[in-house]
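Undergrad: Structure provided below as structure tokens; questions to follow.
In UniProt numbering, the protein residues as written are 1 to 609.
Printed below as a string of structure tokens:
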């Protein structure tokens, strides 16, 4: 079917009857515990887009009325040649001299029911002037990979201020339309602003490489997420494997109209040799995958992704294996293939961004500690290689375990607390819609548990889990349901009583699976237990000796402290000096880089989040 044309004009807005609630402002909020514990005052940092529903809808309307391209300013129509093919690639910002030309040509119409995770990314910057001639707007696709996370292409993100100018539309297979009156119809979709953005730090626009990004929404949405493939997945990339691409992009090489309705097409995966044979050095093996049958030179007989599909997913067996990245100009040049970011290569980089809730709301994991004499809990925000001045959260008297996590995947950091008196375990979480905190008992009588750990997703379902070691040394998984409750516990193995520290938060070896770090009390040996994404006895691979640590008496793992996409580790000396061990993403004795001192005086803290 033909796409809807886009015309530059001012549009009057008609807001849909239902939409997201207004963003909450930063506030100092209190919660009241029961009589056995004191009250605390957790601080909530701004976790929202400041835009109203009207403003977000206006951004969409503005973007609909423009014809620009991600990575390319409106006045720039240059492209680059690559060998004998007329390739057009994405730039990284408004100053770039190149663009991407990645449509579903030859596809079929599908519904949001079949692809509930599809997202529309609308960007519009009116430059703050009354002149419509300098307006800049574009459209990209994306996929919901967690309740507050959108996976897309870096060329759709880098160089653009999505917080100030972007809007995400989910829950509909129709693009927004405008009536003759100028009213905008979102066709029942849910519109959201963008809290923060991340693109792969090694993204390159010429040639396009490392083309992957994640947008974080200010609050969770109801769209069903889709998972990424795993780092060890090779079967999905075997030549001939059938994959599906989804998008609202161009449906013809002869005009710029994008499809009003979501489309999909089945493309066979091609070998690296085939892709490199056509694209030469522009095709970076290991970083990219190409798919489809050779284009015919015209719309007839061609099935391809195209402009407007950028950032959308390539799916095999209900997992994202690729992200629409680039291709030939107008998408149908004879012999050409669609090129996608090879997701299995980037799982280790993407995972920390999908599960990156932290106290300050940036991309670096922060530290929560409790003073042993006053019982005051403190937030210490990461600066990358150290921690900022502490901020008080009030009294946490009456607890002997405090863990940082996000059990309901709403993008706000939660705390898991164990009460000293009876071992009851509580989930303390922020409710953004009401601006208040809620404390719910999730387990009882855990007094004898040796360790409790909140490493993230252990079972591979993208829902955060809890782990616990009982008095007999057995490790148990408590599979999270994504709402603060848990499924029936699963036994992993015995022998965990030999350790005097068990920590984990995130992925230490770069494969996108949550891992554990254990320290043996008799030797000081430190072991890595690599997560497999499976439940039960196969949840972790055989341990790997990574260090021998003596002279330390406290350890902590809160995630990616440095912001480089790799989980880090903290260790405190008996004298109170705290050291940061930066993660390297390796699965060997080189798992951590040289230690960095992040300060002294840490002997005052007895609980580490």
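C-beta atoms are modelled at their ideal positions from N, C-alpha and C, and glycine is treated no differently.
Please read these numbers as outputs of a predicted model, since none were measured by experiment.
1) Is the segment 239-251 in contact with the segment 375-387, if contact means three or more CB pairs nearer than 8 Å?
2) How would you write the range of the alpha helix (DSSP H) that residue 199 sits in, first residue to last?
3) Tell me whether the beta-carbon of residue 190 lies closer than 8 Å to the beta-carbon of residue 216.
4) Beta-carbon within less than 6 Å of residue 227's beta-carbon, same chain only, minus the 5 sequence neighbours each way: which residues are those?
5) With 16 as the cutoff for other CB atoms within 10 Å, does residue 594 come out buried or exposed?
6) Under 8 Å by Cβ, that's how I've got residue 237 and residue 321 pegged, so tell me the actual separation to the nearest angstrom.
7) Could you check whether residue 270 and residue 243 sit closer than 8 Å to each other, using their CB atoms as the reference points?
8) Per DSSP, what kind of secondary structure is residue 366 in: helix, strand or coil?
9) According to DSSP, is residue 118 helix, strand or coil?
10) So within the segment 111-179, which uninterrupted alpha helix (DSSP H) runs reach at least 4 residues, ignoring any that extend past its ends?
11) How many angstroms separate the CA atom of residue 341 from the CA atom of residue 554?
12) In angstroms with no decimal places, state the Cα-to-Cα distance between residue 456 and residue 365.
13) Who does residue 268 pair with in a DSSP beta bridge?
14) According to DSSP, which residues form a beta bridge with residue 465?
15) CA-CA distance, residue 143 and residue 155?
16) Apply the 10 Å Cβ neighbour rule to residue 604 and answer buried if 16 or more other Cβ atoms are within range, or exposed otherwise.
17) With 16 other CB atoms within 10 Å as the buried threshold, where does residue 181 fall?
18) Let me know the secondary structure DSSP gives residue 387 once reduced to three states.
19) In this structure, how does DSSP classify residue 476 when only helix, strand and coil are distinguished?
20) Does the distance from the C-beta atom of residue 567 to that of residue 557 stay below 8 Å?
21) Considering only residues of the same chain and omitting the five flanking positions on each side of residue 590, which have a CB-CB separation below 7 Å?
22) Apart from the five residues on each side of it in sequence, which residues of its chain come closer than 6 Å, Cβ to Cβ, to residue 626?
23) What do you get for residue 408, buried or exposed, if any count of 16 or more other CB atoms within 10 angstroms of its CB means buried?
24) What is the C-beta distance between residue 420 and residue 400, in whole angstroms, given that I count them as a contact (C-beta under 8 Å)?
25) Compare the Cα-Cα distances from residue 278 to each of 336, 458 and 522 and report the closest residue.
26) So, residue 488 versus residue 535, is the Cβ gap smaller than 8 Å?
27) What separation, rounded to the nearest whole angstrom, lies between the Cα atoms of residue 496 and residue 469?
28) Could you tell me which of 403, 404 and 379 sits nearest to residue 394, measuring between CA atoms?
29) Where does the unbroken alpha helix (DSSP H) through residue 497 begin, and where does it stop?
30) Once the 5 residues before and after residue 127 are set aside, which same chain residues still bring their CB inside 8 Å of it?
31) Compute the beta-carbon to beta-carbon distance between residue 168 and residue 121, rounded to the nearest angstrom, for a pair I have assumed lies under 8 Å.
32) Is DSSP giving residue 57 helix, strand or coil here?
33) According to DSSP, simplified to helix, strand and coil, what is residue 313?
34) With 16 other CB atoms within 10 Å as the buried threshold, where does residue 498 fall?
35) In the DSSP output, what is residue 502 paired with across the bridge?
36) Kindly indicate which three-state DSSP category residue 203 falls into: helix, strand or coil?
TA: Reading off the structure:
1) no
2) Here residue 199 belongs to no alpha helix (DSSP H); instead the beta strand (DSSP E) covers 196-199.
3) no
4) 319 and 462
5) exposed
6) 7 Å
7) no
8) coil
9) strand
10) 162-165
11) 41 Å
12) Our two residues, residue 456 and residue 365, have alpha carbons roughly 13 Å apart in a direct line.
13) 242
14) Bridge partners of residue 465: 456.
15) Residue 143 and residue 155 have their C-alpha atoms roughly 15 Å apart.
16) Classification of residue 604: exposed, given that the 10 Å Cβ count is below 16.
17) exposed
18) strand
19) strand
20) yes
21) 584
22) Any answer about residue 626 is impossible in this case: the structure gives the chain only from 1 up to 609.
23) buried
24) 5 Å
25) 336
26) no
27) Roughly 7 Å separates the two Cα atoms.
28) 379
29) For residue 497, there is no enclosing alpha helix (DSSP H), as DSSP marks it with neither H nor E.
30) 134, 135 and 136
31) 6 Å
32) Annotated three-state conformation of residue 57 is helix, per DSSP.
33) strand
34) exposed
35) 518
36) Coil, per DSSP.
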